[in-house]
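Comments concern the structure below.
2 protein chains.
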Amino acid sequence: MAEIYDQMNEKTKEKIQSVFLHLLKERHFNKISVQHIAQAAGVNRGTFYLHYLDKFDLLDRMEASLLEGLENHLHQLEPGPLLEEAEKGAVSFQAVEVFRYIRQHEEWFRVFLGKHNHSGFHRRLKDFFVRHFTDKMLANPDFFKAVTVPKDYLSAFATSAFLGLIEQWLANDLAESPADMADMYIRIIFFIRNLDGRQQ
Amino acid sequence: MAEIYDQMNEKTKEKIQSVFLHLLKERHFNKISVQHIAQAAGVNRGTFYLHYLDKFDLLDRMEASLLEGLENHLHQLEPGPLLEEAEKGAVSFQAVEVFRYIRQHEEWFRVFLGKHNHSGFHRRLKDFFVRHFTDKMLANPDFFKAVTVPKDYLSAFATSAFLGLIEQWLANDLAESPADMADMYIRIIFFIRNLDGRQQ
DNA sequence: ATTTCCACTCAACACAGTGTTGATTGGTAT
DNA sequence: ATACCAATCAACACTGTGTTGAGTGGAAAT
């Protein structure tokens, strides 16, 4: 039973991460030192370096685990009748799940998308959406066949807009339900299909 | 004629800013020290502090002057027949001018929106667009009267999407003309008006 | 011509933070 | 008992910070 060592290890890491998250609420990433983190976590500064390379590494891993969680959350639902579902339903469903996951981890998203982060996360999340959503959208041959706009611009447009909705949602303290948000996104985004002027 | 002092002053500032811009192309903001900047600018480190509080202040002022330039660029064109112009034409015109200004200052936008900036500029530019564009759009009573989506979400959506287009345009090395880009934006965004299903 | 002005230089300062080291502590497992 | 291992602690050289006070050199003012 060497698991107890792992448990100690995890407990310290969790303490560090939790403290770091709280610090990021109050001050900018650049103004937080490893000293602050260690002190606030009640941990020796040397112990921090036992677990992380530096504060960039800490932030990086937390962001990565949040995205990994989102990836898993979406993958859990992937195999099933959903793949065969109507385009609109499928996209909408994916969107709902994204909003749900964000609500589940509101604190983290709020901090990582907030003004105190040095904001690699915005870019990371956008890349995530570009990979995920537009791959699915564009893989469907009929989906955007009527669109007269280059696909990369369409991806950039749709995912940036989606991210914009998320950020506004957070700014509004998650006043709307995930279903409402997904519906809003779908109601907006699906009119892009009509770029040639034909009716929805 | 004490202007020569101002000229010296300006020349040093320009040298510092130019060097800083070049440094930001190569390394992340966090990894650039005042020492680097001063050395690369061929200027004493003390001289840097004669002009700027710190490197954050330097970045801040450069970003601000870029946005101020954009503000002026748009204001120059404001008074005229354009105000009375058709909604679509006016928005399109504004958009063209934004893309034009960005092309004029490609280097700065590329750096400040790039991965080496600590990325306050993305947020700043988005806020700029929210103030500018959606104020105009939403001030027009008929413009979005049919839209069933809350105005703040619509603003967030439209401006984030616009910024997404800009970033993709930069990623594509400004392959399209400003007019093409504005047209693309308009072609996409104007279908939002049809959210209730009526024809464009 | 000399004095004033002023951007800039230079060296030095105390200070905060970094990442690493080697020795040590105190529970846990064998 | 003893080997194990996360965590502690003090000390290290190092980089960068922001500020100081004295000094330089060329243009401006009188």
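Each protein sequence line maps, in turn, to chains U and F. Taking the numbering used here, the leading residue of the first sequence gets 1, the next gets one more, and so forth. Taking the numbering used here, the leading residue of the second sequence gets 201, the next gets one more, and so forth. Ideal placement from N, C-alpha and C gives every residue a C-beta, glycine not left out.
Note that the region 262–279 of chain F does not touch the region 351–369 of chain F; fewer than 3 beta-carbon pairs, one per stretch, sit closer than 8 Å. Residue 255 (chain F) and residue 331 (chain F) have their C-alpha atoms some 28 Å from each other. The residues 121, 122, 167 and 170, in chain order, have a CB closer than 7 Å to that of residue 113 (chain U) in the same chain once the five nearest residues on each side in sequence are set aside.
Residue range 255–277 is occupied by the alpha helix (DSSP H) that includes residue 267 (chain F).
Residue 317 (chain F) is a Cβ neighbour of residue 224 (chain F), given a cutoff of 8 Å. If you ignore the 5 residues before and after residue 220 (chain F), its C-beta comes within less than 7 Å of the C-beta of 237 and 258, all in its own chain and listed in chain order. For residue 122 (chain U), the enclosing alpha helix (DSSP H) has its first and last residue at 120–129.
Here residue 105 (chain U) has 66 and 69 as same chain residues with Cβ atoms under 8 Å from its own Cβ, once five neighbours each way along the sequence are excluded. Counting other Cβ atoms within 10 Å of its Cβ, residue 155 (chain U) reaches 16 or more and is therefore classed as buried. If you compare the alpha carbons of F:387, F:303, F:248 and F:250 with that of residue 273 (chain F), the shortest gap goes to F:303. Chain-order list of chain F residues neighbouring residue 149 (chain U): 384, 387 and 388, by C-beta distance under 7 Å. Distance from the CA of residue 275 (chain F) to the CA of residue 297 (chain F), rounded to the nearest whole angstrom, comes to 10 Å.
Taking the CA atoms as reference points, residue 163 (chain U) sits about 23 Å from residue 26 (chain U). The beta-carbon of residue 142 (chain U) is placed no less than 8 Å from the nearest beta-carbon of chain F. Chain U places no beta carbon closer than 8 Å to that of residue 250 (chain F), leaving this residue out of the contacts. A straight-line Cα-Cα distance of about 14 Å links residue 325 (chain F) and residue 357 (chain F). Counting C-beta atoms within 10 angstroms of its own C-beta, residue 92 (chain U) has 16 or more neighbours from the protein chains shown and is therefore classed as buried. Residues of chain F whose Cβ lies closer than 8 Å to the Cβ of residue 75 (chain U) do not exist; the shortest such Cβ separation is about 26 Å. For residue 264 (chain F), the closest Cβ of chain U is not nearer than 8 Å. In terms of beta-carbon proximity, residue 157 (chain U) lines the interface with chain F, with at least one pair separated by less than 8 Å. At a beta-carbon threshold of 7 Å, the residues of chain U lying near residue 360 (chain F) are 160, 161, 163 and 164, ordered along the chain.
If you draw a straight line from the Cα of residue 207 (chain F) to the Cα of residue 378 (chain F), it comes to about 35 Å. By the criterion of a C-beta distance shorter than 7 Å, residue 245 (chain F) is surrounded in its chain by 234, 235 and 238, once the five residues flanking it on both sides are discounted. A buried status is given to residue 165 (chain U), since no fewer than 16 other beta-carbon atoms sit within 10 Å of its beta-carbon. For residue 167 (chain U), the chain F residues whose Cβ falls inside 8 Å of its Cβ are 356 and 360, in order along the chain. Taking a Cβ-Cβ cut-off of 9 Å, the neighbours of residue 315 (chain F) in chain U comprise 120 and 123, given in sequence order. Residue 364 (chain F): member of the alpha helix (DSSP H) spanning 351–371, first to last residue.
Per DSSP, residue 242 (chain F) lies in no alpha helix (DSSP H) segment and is marked neither H nor E.
Under the Cβ criterion of 8 Å, residue 135 (chain U) is not counted among the residues facing chain F. Residues of chain F with a Cβ closer than 9 Å to the Cβ of residue 152 (chain U) are, in chain order, 368, 371 and 372. Non-local beta-carbon contacts of residue 180 (chain U) in its own chain, meaning distances under 8 Å to residues more than five positions away in sequence, are absent. Per the C-alpha coordinates, the member of F:388, F:383 and F:213 positioned closest to residue 300 (chain F) is F:383.
Shown here, residue 132 (chain U) sits in a helix according to DSSP, grouped into three states. Residue environment for residue 185 (chain U): buried (at least 16 other C-beta atoms within 10 angstroms of its C-beta). Considering only beta carbons, the part of the region 220–236 of chain F lying closer than 7 Å to chain U consists of 230, in chain order. Spatial neighbours of residue 216 (chain F) in its own chain (CB-CB distance under 6 Å, excluding positions within 5 residues in sequence) are listed in chain order as 241.
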